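Here's the structure, in structure tokens; my notes come after.
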Amino acid sequence: AQTVTQSQPEMSVQEAETVTLSCTYDTSESDYYLFWYKQPPSRQMILVIRQEAYKQQNATENRFSVNFQKAAKSFSLKISDSQLGDAAMYFCAYRLVFGNEKLTFGTGTRLTIIP
Amino acid sequence: EAQVTQNPRYLITVTGKKLTVTCSQNMNHEYMSWYRQDPGLGLRQIYYSMNVEVTDKGDVPEGYKVSRKEKRNFPLILESPSPNQTSLYFCASSLTASRGTGELFFGEGSRLTVL
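Going down the list, the protein sequences come from chains V and E.
Residue numbering for the first sequence follows the numbering used here, starting at 23 and increasing by one per position.
Residue numbering for the second sequence follows the numbering used here, starting at 28 and increasing by one per position.
And the structure:
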């Protein structure tokens, strides 16, 4: 079974600084997606960034980028120029392209932004 | 506006009183799923549906039922709620993972308390 591990329950960063959230996953499949979702206090699940496993290039969305290491099964999220609005719970997630298509989530990392 | 709508958003009920949480999407998605979120456990899949009249168990299906009679609707039924079903529930939908971007679109969540 696929598993997703986020080993940092909580992180904090000074406003305008850079922070990296860690995620590792376990799978024997080759075709899958990886995601980072953000959950602010409003509880809404918001997609931050996605990565297709067949692509070697790391995904980037404005201040958010990932470091995808397929062989190491690692998928970290880097947030640059942190802003107060980035404060949230962040979930790493995995989804197979074929077969059981459920989204498997990690347990989350709560990010605090220090003004 | 493309969205997943779930109701009620908040509900307090008593043990054994049947309840239904509705979910509707307007994006013509084949895939729909229910998750529950509990502190320290992330989001766990309860049931999913690949299309009309096709449903299957997720990781934590005990105590829940679902149906998919129409493509847009995927209600979650708790026949006899118990306190351990107190949780935050999310409905989500997407195109099948092989056809789309893999992204799951989430409803705003339903906070359920069973006394």
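Using N, Cα and C, we set each Cβ at its ideal position, and we do this for glycine too.
Please read all numbers here as calculations on a predicted model, not as lab measurements.
Inset, instruction - Can you tell me which of E/Q52, E/F101, E/K45 and E/T113 puts its alpha carbon nearest to the alpha carbon of E/E80? - result: E/F101
Legend entry - Close beta carbons around V/S35, own chain, < 8 Å, minus the five adjacent residues each side: The question names Ser, but residue 35 of chain V in the sequence shown is Val. The answer, listed in chain order, is V41, I101, S104, L133, T134, I135 and I136.
Legend entry - Counted within 10 angstroms of its Cβ, other Cβ atoms place V/Y47 as buried (16 or more) or exposed: buried
Inset, instruction - Determine the chain V residues that contact E/V72 at a beta-carbon separation under 7 Å, and present them in chain order. - result: The residue you asked about is not Val; residue 72 of chain E is Gln in the sequence shown. Residues of chain V passing the Cβ test: K124.
Inset, instruction - Please name the residue in V/L56, V/K77 and V/Q24 whose C-alpha comes closest to that of V/L99. - result: V/L56
Inset, instruction - Go through its chain and collect everything with a Cβ distance to E/I39's Cβ below 6 Å, but skip five positions before and after it. - result: T140
Legend entry - Chain-ordered chain V contacts of E/L145 [CB-CB under 9 Å]: Past the edges of chain E, shown from 28 to 142, lies residue 145 of chain E, and the structure says nothing about it.
Legend entry - As assigned by DSSP and simplified to three states, the class of E/L38: strand
Legend entry - Rounded separation between V/F97 and V/A81 - CA only: 11 Å
Legend entry - Beta carbon of E/T128 nearer than 8 Å to that of V/R72: yes
Inset, instruction - Quick one: using the 10 Å Cβ neighbour count with 16 as the cut-off for buried, is V/M111 buried or exposed? - result: buried
Legend entry - Limits of the beta strand (DSSP E) - the one that V/F86 falls within: F86 to Q91
Inset, instruction - Classify E/G43 as buried or exposed, calling it buried when 16 or more other Cβ atoms lie within 10 Å of its own Cβ. - result: exposed
Legend entry - Cβ-based burial, E/F108 [other Cβ within 10 Å; buried from 16]: Correcting the residue type first, residue 108 of chain E is Pro in the shown sequence and not Phe. E/P108 is buried by the Cβ-count criterion.
Inset, instruction - Tell me, please, whether the CB atom of V/A107 is closer than 8 Å to any CB atom in chain E? - result: According to the sequence shown, residue 107 of chain V is Gly rather than Ala. Output row for V/G107: interface = no.
Inset, instruction - If I'm right that V/G128 touches V/Q28 with Cβ under 8 Å, what's the distance once you round it to whole angstroms? - result: 4 Å
Legend entry - Buried versus exposed call for V/V88 [16 or more other C-beta atoms within 10 Å across all chains shown]: buried
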